[in-house]
Amino acid sequence: MGSQYREIQLKSGLDNYIDCIWKESYSFILSKNKSPFLIVPDNTVELVFTANHIKRKDKKSGKNLCTVKSHLCGLKTRPQMINLDGEVLLSVRFKPFGLYPFTKIDLNETINQSTLPQDIFGSEILDLEDQLFNCKYEKNQLDLIEAFFLKKLYQLGKERDEVFDLFVHAIMTHKGDINIEQLSKSLSISKKTVERKFLSKLGLTPKKYCRIVRMFNALKIPENSNPQKLSTIAIDHGFYDQAHFIKEVKQFTGMTPKDYFGIDRAIQRNIFLS
152 MGSQYREIQL
162 KSGLDNYIDC
172 IWKESYSFIL
182 SKNKSPFLIV
192 PDNTVELVFT
202 ANHIKRKDKK
212 SGKNLCTVKS
222 HLCGLKTRPQ
232 MINLDGEVLL
242 SVRFKPFGLY
252 PFTKIDLNET
262 INQSTLPQDI
272 FGSEILDLED
282 QLFNCKYEKN
292 QLDLIEAFFL
302 KKLYQLGKER
312 DEVFDLFVHA
322 IMTHKGDINI
332 EQLSKSLSIS
342 KKTVERKFLS
352 KLGLTPKKYC
362 RIVRMFNALK
372 IPENSNPQKL
382 STIAIDHGFY
392 DQAHFIKEVK
402 QFTGMTPKDY
412 FGIDRAIQRN
422 IFLS
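Every number in the working numbering is 151 more than the matching position in the sequence shown, counting from 1.
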């Protein structure tokens with residue numbers, strides 16, 4: 152499966168906002184597994200283009216979240232189960248903090264949601280979708296995506312929020328292990344100001360986002376694949392102790408660390424490779 156996964160980088164300044172365009176064939180895994188796939192919070196925001204249905208359920212409650220085709224999957228804070236009934240054409244993976252310049256909505260509306268692309272980017276995204284499905288060559292698809300988002304960036308004309316960017320950079324640099332209140336005080340910026348910016352531009356409070364980033368890094372798959380002790384992972388990633396780590400893993404995955412590290416990451420495997 153790993154050999155079927157490809158990432159393509161955009162340029163023209165869009166790499167400040169968009170992590171990559173990715174493509175992956177699911178035909179092999181779908182032929183072997185018709186069961187739902189576990190999806191855990193992975194610090195991604197995905198714009199998925201597909202003509203096939205994707206059904207999402209909340210793992211804990213079993214509640215149906217949605218059945219959609221092309222959609223934007225916002226940041227996740229809870230585990231989900233998803234069913235795929237066919238291939239994805241391609242997906243635009245935004246940096247979680249890179250979506251706000253392209254939309255007028257507050258991004259707290261996208262958390263744990265699969266939202267129709269036109270509700271995020273306007274009806275013109277439907278024209279892009281049609282063009283992508285009718286395009287035979289990958290290079291032309293990439294050109295279409297690049298042109299669309301460069302135009303959207305110019306149309307909305309949103310300036311980068313330096314305070315928001317500074318705090319996001321600090322969170323990413325420290326892999327979520329950072330005290331937001333102390334950072335706010337050191338920069339003479341009120342905690343409420345920072346929280347307001349995060350809720351509008353990311354959809355989460357900075358404290359909650361720190362937890363997402365810290366957990367994402369703790370759950371990565373080591374290159375050498377040698378399992379570490381839970382106590383070592385906990386200390387290395389800024390958890391209070393092993394018990395704190397176990398509690399957080401259960402909340403974000405619905406499983407114990409031992410059980411989660413033992414499963415096949417399936418369609419999320421490439422995201423969690425370190």
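C-beta: ideal position from N, C-alpha, C; glycine also. Here the structure is a predicted model, which means the values were calculated and not measured.
Tell whether a beta-carbon distance below 7 angstroms holds between residue i and residue j.
| i | j | result |
| --- | --- | --- |
| K227 | T201 | no |
| N421 | Y156 | yes |
| F412 | M366 | no |
| L304 | P252 | yes |
| G225 | I262 | yes |
| L198 | L223 | yes |
| L241 | I172 | yes |
| K246 | D170 | yes |
| S274 | R207 | no |
| L250 | V319 | no |
| I276 | P268 | yes |
Going by CA-CA distance only, name the one from the options that's closest to residue i.
| i | options | result |
| --- | --- | --- |
| L293 | P268, V243, R347, P252 | V243 |
| R218 | G225, N203, W173, K210 | The sequence given here places Thr at residue 218; Arg does not occur at that position. The option with the nearest alpha carbon to T218 is N203. |
| T344 | K371, F284, F315, F396 | F315 |
| K183 | I271, D328, A417 | A417 |
| A369 | G327, Y288, I159 | G327 |
| L279 | Q264, E297, Y360 | E297 |
| I363 | Q379, V191, I233, F299 | V191 |
| G164 | K290, S335, K302 | K302 |
| N259 | D410, L189, K359 | K359 |
| S382 | H395, N167, V196 | H395 |
| T254 | K409, L424, Y168 | Y168 |
| L353 | K380, I322, E332, L338 | I322 |
| Q282 | D270, G237, F299, D415 | F299 |
| G347 | D312, Q333, T324, Q379 | First, the residue type needs correcting, since residue 347 is Arg and not Gly in the sequence shown. Comparing Cα positions, the closest option is D312. |
| Q231 | F248, D415, I397, S212 | S212 |
Note the first and the last residue of the continuous alpha helix (DSSP H) segment covering residue i.
| i | result |
| --- | --- |
| Q333 | 331-337 |
| C171 | First-last for C171: 169-175, but that is the beta strand (DSSP E), not the alpha helix (DSSP H). |
| D410 | 408-413 |
| D387 | 381-387 |
| R365 | 357-369 |
| L350 | 342-352 |
Please list the terminal residues of the continuous beta strand (DSSP E) segment that includes residue i.
| i | result |
| --- | --- |
| R157 | 156-159 |
| M232 | 231-235 |
When DSSP builds the beta bridges, which residues end up paired with residue i?
| i | result |
| --- | --- |
| H222 | V199 |
| R207 | C217, I233 |
| L181 | In the DSSP output, where bridge partners are listed per residue, L181 has none listed. |
| L424 | I372 |
| F390 | DSSP lists no partner for F390. |
| F188 | I233 |
**OP:** Could you pull out every unbroken beta strand (DSSP E) segment of at least 3 residues lying fully inside the stretch 239-327, listed in chain order?
**Re:** Inside the stretch 239-327, DSSP marks whole beta strand (DSSP E) runs of 3 or more residues at positions 241-245, from first to last along the chain.
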